[in-house]
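Asks:
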Amino acid sequence: MTKNEQYARLIAYFERERPTAQSELVYENPFQLLVAVILSAQCTDKRVNATTPALFAAYPTPQAMAEATPQDIFGYIHSISYPNNKSKHLVAMAQKLVADFGGEVPGDVDELQTLPGVGRKTANVIASVVFNLPALAVDTHVFRVANRIGLTKNSKSPLQTERELVKHIPDEKIPIAHHWLILHGRYVCQARKPHCNECGISGLCDYYKLKTNN
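Here my numbering is used: the first residue of the sequence shown is 1421, the next is one more, and so on.
(1) How long is the line joining the alpha carbons of Cys-1619 and Val-1608, rounded to whole angstroms?
(2) In the DSSP assignment, find the unbroken alpha helix (DSSP H) run with Tyr-1427 in it and report its ends.
(3) Pairing CB atoms from the segment 1545-1560 with CB atoms from the segment 1587-1598, are three or more of them under 8 Å?
(4) Whose C-beta lies closer than 7 Å to the C-beta of Pro-1490 among residues of the same chain, with five residues either side of it excluded?
(5) Use the C-beta contact count for Arg-1564: other C-beta atoms within 10 angstroms, 16 or more gives buried, fewer gives exposed.
(6) How is Ile-1569 classed by DSSP in three states: helix, strand or coil?
(7) Contact between the segment 1527-1536 and the segment 1571-1587 is defined here as three or more beta-carbon pairs at a separation below 8 Å; is this criterion met?
(8) Could you give the DSSP three-state label for Thr-1560: helix, strand or coil?
(9) Taking only the alpha-carbon atoms, compute the straight-line gap between Asn-1567 and Leu-1601 and give it to the nearest angstrom.
(10) Taking the beta carbon of Gly-1537 as the centre, do at least 16 other beta carbons fall within 10 Å, making it buried, or is it exposed?
(11) Using 10 angstroms around the beta-carbon of Thr-1422, count the other beta-carbons present and answer buried if the total reaches 16, otherwise exposed.
(12) Taking just the CA atoms, how far does Val-1525 sit from Ile-1621?
(13) Out of Val-1549, Thr-1481, Arg-1436, which one is the CA nearest neighbour of His-1599?
(14) Tell me the rounded alpha-carbon separation between Gly-1522 and Leu-1535.
(15) Could you give the C-beta distance for Ile-1546 and Pro-1450, rounded to a whole number, given that I count them as a contact under 8 Å?
(16) Between Val-1457 and Thr-1542, is the Cβ-Cβ spacing less than 8 Å?
(17) Kindly indicate which three-state DSSP category Tyr-1502 falls into: helix, strand or coil?
Structure below.
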């Protein structure tokens, strides 16, 4: 099976089994999603979703959050991982959003990365989810699944994985492919104990072939 065939069969499987895959973060607008994604770094979506309702009620707009202090924000997100740093990032992000972008979340990946607390992964999430652009965010799940299945070979970094994936996935499929791989890694191809016997793409997987051969 060629690399192109592997990708084509993978895409066909997910289109059939997860046709409406989407983020599990709860949000109502681009600003809320941006805040939620910043908070989700090294933290579960479940924990973020339990935290953000009160935060969004207190600071519903970039303008409101820009007027807060990190100490104010900390009181709402103390149960999130790295709350001190994230509190500072959220306030600074909101201030820059207001000062440089009129309070509107930009859709350009490079512009997004000028915001405090926003790295390439977060920028790609916003670009793909909000603006439906062909930007593929690589988190720990995507990185692991892509390498384990064999979509990438010996990738050493998220950026290397991203570049390999976008070469083989059609642009119009990239936004949803991000969710396909995340959800597959979260619920099936788990880090410590992948559920290979329950996996619908084990026939396409390098890890499974090696496991069964051994």
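For every residue, glycine included, the Cβ atom is placed at its ideal position computed from N, Cα and C.
Replies: Checking against the coordinates, here is how it stands:
(1) Here residue 1619 refers to the residue found at position 199 of the sequence shown. Here residue 1608 refers to the residue found at position 188 of the sequence shown. Their Cα atoms are separated by approximately 7 Å.
(2) The count along the sequence shown starts at 1 and reaches residue 1427 at position 7. Looking at the DSSP string, the run of the alpha helix (DSSP H) that includes Tyr-1427 is 1423-1437.
(3) yes
(4) If you number the sequence shown from 1, residue 1490 lands on position 70. Ser-1507, Lys-1508, Val-1511, listed in sequence order.
(5) For the purposes of this step, residue 1564 is identified with residue 144 of the sequence shown, where counting begins at 1. So Arg-1564 ends up on the buried side.
(6) Here residue 1569 refers to the residue found at position 149 when the sequence shown is read from its first residue. It is helical.
(7) no
(8) In the sequence shown, the residue the question calls residue 1560 occupies position 140. In the structure shown, Thr-1560 sits in a helix (DSSP, three-state: H, G or I).
(9) Within the sequence shown, residue 1567 is the residue found at index 147, counting from 1. Within the sequence shown, residue 1601 is the residue found at index 181, counting from 1. Cα to Cα, Asn-1567 sits roughly 11 Å from Leu-1601.
(10) One-based indexing of the sequence shown puts residue 1537 at position 117. It is buried - the Cβ of Gly-1537 has at least 16 other Cβ atoms within 10 Å.
(11) Counting from one through the sequence shown, the residue named residue 1422 turns up at place 2. Flag for Thr-1422 reads exposed.
(12) Walking along the sequence shown from the start, residue 1621 turns up at place 201. Walking along the sequence shown from the start, residue 1525 turns up at place 105. Cα to Cα, the separation comes out at about 37 Å.
(13) Along the sequence shown, read from residue 1 onward, the residue named residue 1599 stands at position 179. Minimum Cα distance to His-1599 is reached at Val-1549.
(14) Your numbering for residue 1522 matches position 102 in the sequence shown. Your numbering for residue 1535 matches position 115 in the sequence shown. The straight-line gap from Cα to Cα measures roughly 13 Å.
(15) Residue 1546 sits at position 126 when you count from the first residue of the sequence shown. Residue 1450 sits at position 30 when you count from the first residue of the sequence shown. Correct: roughly 7 Å between the Cβ atoms.
(16) For the purposes of this step, residue 1457 is taken as the residue at position 37 of the sequence shown. For the purposes of this step, residue 1542 is taken as the residue at position 122 of the sequence shown. In this structure, Thr-1542 lies closer than 8 Å to Val-1457 by Cβ.
(17) The residue given as residue 1502 occupies position 82 in the sequence shown. Three-state result, Tyr-1502: coil.
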